[in-house]
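Comments concern the structure below.
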Amino acid sequence: MTSEKIATVGSGDPVLSVQGLTTSFLVDGAWKAVVDDVSFDVRPGETVAIVGESGSGKSVTSLSIMRLLQNDTSRIKGSIRLGDRELLTLREEEMRRIRGNEIAMIFQEPMTSLNPLFTIGDQISEALLCHSQMSKADARAETIRLLEKVRIPSASSRFDEYPHRFSGGMRQRVMIAMALASKPKLLIADEPTTALDVTIQGQILDLIKTLQEEEGTSVLFITHDMGVVAEISDRTVVMFRGKQVETGQTPDIFRQSKHPYTRALLSAVPVLGSMQGYQRPLRFPVVDNVTGLSEKPVEVADTVDKADGPVLEVKGLTKRFEIYSGFMARLSGSVHAVENVSFDLRKGETLSLVGESGCGKSTTGRAIMRLTEPDSGEVLVEGRNILALDNQAMREMRRSVQMIFQDPYASLNPRMTVGAAIAEPYIEHRLGSVRDAKDVVADMLEKVGLTPDMAKRYPHEFSGGQRQRVCIARALALKPKVIVADESVSALDVSIKAQVINLMLDLQQSLDLAFLFISHDMAVVERVSHRVAVMYLGEIVEIGPRSAVFENPQHDYTRKLMAAVPVPDPDRRRAKLSSEAGELKSPIRPADFIVPLREYREVSPQHFVAL
Numbered sequence: 018m019t020s021e022k023i024a025t026v027g028s029g030d031p032v033l034s035v036q037g038l039t040t041s042f043l044v045d046g047a048w049k050a051v052v053d054d055v056s057f058d059v060r061p062g063e064t065v066a067i068v069g070e071s072g073s074g075k076s077v078t079s080l081s082i083m084r085l086l087q088n089d090t091s092r093i094k095g096s097i098r099l100g101d102r103e104l105l106t107l108r109e110e111e112m113r114r115i116r117g118n119e120i121a122m123i124f125q126e127p128m129t130s131l132n133p134l135f136t137i138g139d140q141i142s143e144a145l146l147c148h149s150q151m152s153k154a155d156a157r158a159e160t161i162r163l164l165e166k167v168r169i170p171s172a173s174s175r176f177d178e179y180p181h182r183f184s185g186g187m188r189q190r191v192m193i194a195m196a197l198a199s200k201p202k203l204l205i206a207d208e209p210t211t212a213l214d215v216t217i218q219g220q221i222l223d224l225i226k227t228l229q230e231e232e233g234t235s236v237l238f239i240t241h242d243m244g245v246v247a248e249i250s251d252r253t254v255v256m257f258r259g260k261q262v263e264t265g266q267t268p269d270i271f272r273q274s275k276h277p278y279t280r281a282l283l284s285a286v287p288v289l290g291s292m293q294g295y296q297r298p299l300r301f302p303v304v305d306n307v308t309g310l311s312e313k314p315v316e317v318a319d320t321v322d323k324a325d326g327p328v329l330e331v332k333g334l335t336k337r338f339e340i341y342s343g344f345m346a347r348l349s350g351s352v353h354a355v356e357n358v359s360f361d362l363r364k365g366e367t368l369s370l371v372g373e374s375g376c377g378k379s380t381t382g383r384a385i386m387r388l389t390e391p392d393s394g395e396v397l398v399e400g401r402n403i404l405a406l407d408n409q410a411m412r413e414m415r416r417s418v419q420m421i422f423q424d425p426y427a428s429l430n431p432r433m434t435v436g437a438a439i440a441e442p443y444i445e446h447r448l449g450s451v452r453d454a455k456d457v458v459a460d461m462l463e464k465v466g467l468t469p470d471m472a473k474r475y476p477h478e479f480s481g482g483q484r485q486r487v488c489i490a491r492a493l494a495l496k497p498k499v500i501v502a503d504e505s506v507s508a509l510d511v512s513i514k515a516q517v518i519n520l521m522l523d524l525q526q527s528l529d530l531a532f533l534f535i536s537h538d539m540a541v542v543e544r545v546s547h548r549v550a551v552m553y554l555g556e557i558v559e560i561g562p563r564s565a566v567f568e569n570p571q572h573d574y575t576r577k578l579m580a581a582v583p584v585p586d587p588d589r590r591r592a593k594l595s596s597e598a599g600e601l602k603s604p605i606r607p608a609d610f611i612v613p614l615r616e617y618r619e620v621s622p623q624h625f626v627a628l
């Protein structure tokens, strides 16, 4: 960041001033402070980042500012001023006029923020109609413009679609469009890019920057991603266990951090390109939050079983979703979600599927599990075609193949304790007694960085990152041969992400586990993969050994993915992505579309690129 920008951005009276904020929750009859004496200002056109681990109080700080906490179970002290108005003394009716109009918020989990019974177009239009005198026709046109601005493909045709028809990343883009609708003075973004792949993440960050330039909007950006902090923030507030441990200009935080916890966060950040010279996955350094010291990362042993055949083979997998339109509901086209995808996976190997949200990588994972029935192709587990199995045989097969889903809140039953959720598959598959299951639950919770006493809690009592760790523990309880991990660490902060991935690498070595690792985090993919497959519009466009794909990318789309990765260094901020060069194509094809035969060229041993 230049000194000129620091001077201009930091000028003027604060748009938001938070002083001595302390938020407490009523727990077992006593008030427990989860945010303790936090103070900061956000000035016109400025971006302030709040960074820390899940459970550190970041999201509670934002909910306190918006006054979205329940009055009977929470207590907020201190001062929160928007301009010259004290928000903590406003009546609820006055606060309602401010929410969504002067202060807008993007929440962490889009699937639970969007109403599944209303189309995404109606939900964005509602925000426009509530805060303006706009007609319904004008609201529809503005909604389509907003959807195009956040790069939803075929925006006008998707106006009337429901949230479940969108991938996790596209649902988050819908939420961002909704927040931007009223052109707010202050935008509070709570982990807005967690569910997004790197190219869309870069475009959303560019969109927020553009909004600041055009409207003078201030941004309070809450994240655990230090690369994003370096990319977008002017000043940074570091939180740890509810306390504000360090505050300063972002370049100073990265270059001259004083608190050990800040140094620990920076040490745990994976950097793209750091794997050159390594042939096998590399463990993440384990960092001490008290001292800030970290262990030197260790390259894992060679776990890939080259002697036996693949444990998983996918041949010509295809899945399309038909689109019906018109008064007679005739077939007008189809979404080619997965098109002729083929790969294999050996014991002890990690194959990563990467690509933009909506490219088909999650649908591929679900089709392998038969949670979405594929239209054609074969899925062989140890030579057995699971697509030909009946329901009972498929139930038994799922002991061998488990899946970790993308959205942790939607994956857990809100009426079950997390202990019961983790124990359920163990008991259902009759792997042991109820007493044994309790021991397994305690062991799994400890392995994913939680404590055994948390087994009695319910999902809503955990942060997003903690819920994802519960989902990972649930999948590991059956000790499967193959794990399909769909964005399994995307919601985790860097230190917990390091612990969980190290755990997965340890389990891979001890149990010969094979991972199909679906992710948008290119730096993590480079760290954990043996091989990488790049997907674009439902097809694999490049596949090969990790070192070959990352050090010598051949396909234009692969190179674009690499270029979009944020670097955890504020002095190396990338240029804005070209909207034309990055324009998304649509996977929707007409009903009479004939899929062309895809050919591949072998660039180097086992490194193939689509022609």
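Here this note's numbering = 1-based position in the sequence shown + 17. Backbone N, C-alpha and C define an ideal beta-carbon position, used for all residues, glycine too.
Cβ pair count under 8 Å reaching 3, the segment 431–440 against the segment 359–367: no
I'd like to confirm the pairing. Which residues does DSSP put opposite residue 206 in its beta bridges? In the DSSP output, where bridge partners are listed per residue, residue 206 has 123, 238.
Are the segment 403–422 and the segment 487–499 touching by the rule of at least three beta carbon pairs closer than 8 Å? yes
Under 8 Å by Cβ, that's how I've got residue 217 and residue 186 pegged, so tell me the actual separation to the nearest angstrom. The C-beta distance from residue 217 to residue 186 rounds to 6 Å, short enough to meet the 8 Å contact threshold.
Neighbourhood of residue 314 by C-beta, 8 Å cutoff - its chain only, sequence neighbours within 5 removed: Closer than 8 Å at Cβ, skipping near neighbours: 299, 300, 301, 302.
Relative to the alpha-carbon of residue 206, which residue among 228, 230, 240 has its alpha-carbon at the smallest distance? 240
Local Cβ density within 10 Å of residue 44, reported as buried at 16 or more and exposed below that: exposed
Are the CB atoms of residue 159 and residue 146 within a distance shorter than 7 Å? no
Does the beta-carbon of residue 623 have 16 or more other beta-carbons within 10 angstroms, so that it is buried, or is it exposed? exposed
Around the Cβ of residue 75, are there at least 16 other Cβ atoms within 10 angstroms (buried) or fewer (exposed)? buried
Along the chain, where does the beta strand (DSSP E) containing residue 351 start, and where does it finish? For residue 351, the uninterrupted beta strand (DSSP E) segment begins and ends at 347–362.
If you draw a straight line from the C-alpha of residue 371 to the C-alpha of residue 176, how long is it? 27 Å
Please go through the segment 156–228 and give each complete alpha helix (DSSP H) segment of 4 or more residues, from N-terminal end onward. 172–175, 185–197
Which one of 604, 394, 71, 82 has the shortest CA to CA distance from residue 116? 82
My output table needs one value for residue 71: the three-state DSSP class, helix, strand or coil. coil
I'd like the list of long-range same chain contacts for residue 334, defined as Cβ closer than 8 Å, with 5 residues on each side in sequence excluded. 355, 357, 358, 359, 381, 384, 385, 391, 393, 394, 395, 396
Given this structure, state the Cα-to-Cα distance separating residue 34 from residue 486, to the nearest angstrom. 34 Å
Taking the beta carbon of residue 477 as the centre, do at least 16 other beta carbons fall within 10 Å, making it buried, or is it exposed? By the 10 Å Cβ count, residue 477 comes out exposed.
The segment 567–575 touching the segment 606–626, judged by at least three CB pairs closer than 8 Å: Remark: three or more beta-carbon pairs, one from each stretch, lie closer than 8 Å, so the segment 567–575 and the segment 606–626 are flagged as touching.
Short of 7 Å in beta carbon distance, which residues of its chain neighbour residue 29, apart from the five on each side in sequence? Order them along the chain. 60, 61
With a threshold of 16 other CB atoms inside 10 Å of the CB of residue 537, please say whether the residue is buried or exposed. Counting the other CB atoms within 10 Å of its CB gives residue 537 a total of 16 or more, which places it among the buried residues.
Considering only their Cβ atoms, is the gap separating residue 250 from residue 367 smaller than 7 Å? no
Between which residues of its own chain and residue 620 is the CB-CB distance below 8 Å, once the five residues before and five after are set aside? 561, 565, 569, 571, 626
C-beta atoms of residue 31 and residue 268 nearer than 7 Å: no
Please classify residue 183: is it buried, with 16 or more other beta-carbons within 10 angstroms of its beta-carbon, or exposed? buried
In whole angstroms, what is the alpha-carbon distance linking residue 344 and residue 285? 56 Å
Determine the contact status of residue 291 and residue 534, defining contact as a CB-CB distance below 7 Å. no
Which value, in whole angstroms, describes the spacing of the CA atoms of residue 470 and residue 139? 43 Å
Can you give me the C-alpha to C-alpha distance between residue 610 and residue 402, rounded to a whole angstrom? 29 Å
Measure from the alpha carbon of residue 464 to the alpha carbon of each residue in 450, 483, 257, 475, then state which is nearest. 483
Taking only the alpha-carbon atoms, compute the straight-line gap between residue 498 and residue 336 and give it to the nearest angstrom. 25 Å
Report yes if the CB atom of residue 294 is closer than 7 Å to the CB atom of residue 321, and no otherwise. no
So, helix, strand or coil for residue 367, using DSSP? The answer is strand: DSSP assigns residue 367 an E or B state.
According to the neighbour-count rule (16 or more other Cβ atoms, all chains shown, within 10 Å of its Cβ), is residue 245 buried or exposed? buried
DSSP on residue 24, reduced to helix/strand/coil? In this predicted model, residue 24 has a pLDDT of only 43, less than 50, meaning its place in the structure is not dependable enough to derive any value.
Identify whether residue 136 lies in helix, strand or coil by the three-state DSSP scheme. Here residue 136 sits in coil by DSSP.
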